[in-house]
Amino acid sequence: MILVNAPLIAPNAKKYLNECLETNWLSGEGPFVSRFEEAFATRMNVGYAMTTNSGTASLHLALASLGVGPGDEVILPASTMGACYFAIWYCGAKAVPVDVDPVTYTIDPKAVERAITPKTKAVMAVHLFGHPCEMDALLALKKKHHFLLIEDCAEAHGATYHGQVVGSFGEAGCYSFYANKIITTGEGGMMTTNDPELATKARSMKTFSFSPEKRFTHIGMGYRYTMTNLQAAVGLAQLEILDSSIKAKHKMAAFYAKHLQKIPGIVVPTEKKDCQSVFWMYAILVKEKEFGMSRDQLMKELLENFGIQTRSFFFPPQVAFAEMHVFDGLTFPVADRIGEEGLYLPSGLGNTQAEFQQVVDAIAQISKKRRTAR
Ligand SMILES: Cc1ncc(COP(=O)(O)O)c(C=O)c1O
27 MILVNAPLIA PNAKKYLNEC LETNWLSGEG PFVSRFEEAF ATRMNVGYAM TTNSGTASLH
87 LALASLGVGP GDEVILPAST MGACYFAIWY CGAKAVPVDV DPVTYTIDPK AVERAITPKT
147 KAVMAVHLFG HPCEMDALLA LKKKHHFLLI EDCAEAHGAT YHGQVVGSFG EAGCYSFYAN
207 KIITTGEGGM MTTNDPELAT KARSMKTFSF SPEKRFTHIG MGYRYTMTNL QAAVGLAQLE
267 ILDSSIKAKH KMAAFYAKHL QKIPGIVVPT EKKDCQSVFW MYAILVKEKE FGMSRDQLMK
327 ELLENFGIQT RSFFFPPQVA FAEMHVFDGL TFPVADRIGE EGLYLPSGLG NTQAEFQQVV
387 DAIAQISKKR RTAR
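For the sequence shown, the positions run 27 to 400 when the numbering used here is used.
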């Protein structure tokens, strides 16, 4: 089986983990937590970084520490992971999905502007599949409408927009270190900010909002979002190889593009001018008419006949949350279409070049068979 995302464990991970075990430091009080946070803030060019135990927790922590609450609206892309919605709902706020850009699949700034109301408190910009959002347009809107900007960088560690690393544009950047992410700690996350007051508040909130003066008394609502020393040890090792990981992602993307862009009915991802995508996942569209089969049929054939695992794109909210009936009747021309046509291919740092070759060979073979059958 070719896994959709095999992780790569950094050379120093074992050594740092052993250090945790040998020194008896397991909990979030351990020294690797601050080492990881400091190194991460430096690499992402932000003032402060606070570890969490998941990307979802980092999104919730950012929203909660920024004061998002009941009565507030948060605009987010219709094409994203459910975690973004849940984080908003944990705060008691309303999630307002808007359509995405047909080229980058990230939040469409024109759709954001149309959705702004007096209740709009924040916009969540998700740098999807490793590609940065259109930050100039979002920052211009932010200036005009005074909303808070939260960047979800779960899938875009180290991506840049006009040379600036994502996560450093808005009030807060939020990261996931789940096993399929570029930097992984198995499970985990990080919130970043340039605002010292927000950093202090978030750091306190993520550990029960303990009073600095008197332990076991609380200065406000608190959460338990701590990362362990063990996870931070792995995270630090993974961070050390981020630049080479991004290089490997580009190599993979160039290889896939070279072989797949000539196949009728396959649309390969774009990297916009002045943007550096980190190609978290190599995300393609399958045009049913030209390719000769649907996205779902291609996924099935790749799995059953070639042992190749793939994943569909995220579904628009009226599909993803159909059971909850919160977005019934909504439609999003782009998010709806890519939710049906999009899939991502094996793209992990632990996947091999031989596997990528097998993937392109399989898709070429399926395409050829379809064309000769017509
Ligand atoms: C865009 C996006 N946001 C948030 C999350 C949630 O992160 P986690 O699974 O670490 O909670 C993920 C992925 O898992 C994601 O892809």
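Note that the Cβ used here is the ideal one computed from N, Cα and C, for glycine as well.
Give the DSSP bridge partners of residue i, in chain order.
| i | result |
| --- | --- |
| residue 302 | 186 |
| residue 244 | 236 |
| residue 64 | Residue 64 pairs with nothing; no bridge assigned. |
| residue 120 | 99 |
| residue 292 | 312 |
| residue 53 | DSSP lists no partner for residue 53. |
| residue 338 | 369 |
Would residue i pass as a contact of residue j if the rule is Cβ separation under 8 Å?
| i | j | result |
| --- | --- | --- |
| residue 138 | residue 104 | no |
| residue 114 | residue 141 | no |
| residue 56 | residue 255 | yes |
| residue 85 | residue 200 | yes |
| residue 370 | residue 307 | yes |
| residue 197 | residue 146 | no |
| residue 305 | residue 278 | yes |
| residue 164 | residue 151 | yes |
| residue 368 | residue 33 | no |
| residue 63 | residue 77 | yes |
| residue 215 | residue 203 | yes |
| residue 323 | residue 186 | no |
| residue 310 | residue 295 | yes |
| residue 58 | residue 259 | yes |
| residue 218 | residue 72 | yes |
| residue 389 | residue 292 | yes |
| residue 339 | residue 355 | no |
| residue 213 | residue 50 | no |
Helix, strand or coil for residue i, going by three-state DSSP, please let me know.
| i | result |
| --- | --- |
| residue 176 | strand |
| residue 261 | helix |
| residue 316 | helix |
| residue 222 | helix |
| residue 282 | helix |
| residue 230 | helix |
| residue 111 | helix |
| residue 271 | helix |
| residue 81 | helix |
| residue 151 | strand |
| residue 29 | coil |
| residue 200 | strand |
| residue 142 | coil |
| residue 72 | coil |
| residue 333 | coil |
| residue 131 | coil |
| residue 251 | coil |
Let me know if residue i comes out buried or exposed under the rule of 16 or more other beta-carbons within 10 Å of its beta-carbon.
| i | result |
| --- | --- |
| residue 40 | exposed |
| residue 350 | exposed |
| residue 257 | buried |
| residue 346 | buried |
| residue 241 | exposed |
| residue 264 | buried |
| residue 262 | buried |
| residue 129 | exposed |
| residue 321 | buried |
| residue 144 | exposed |
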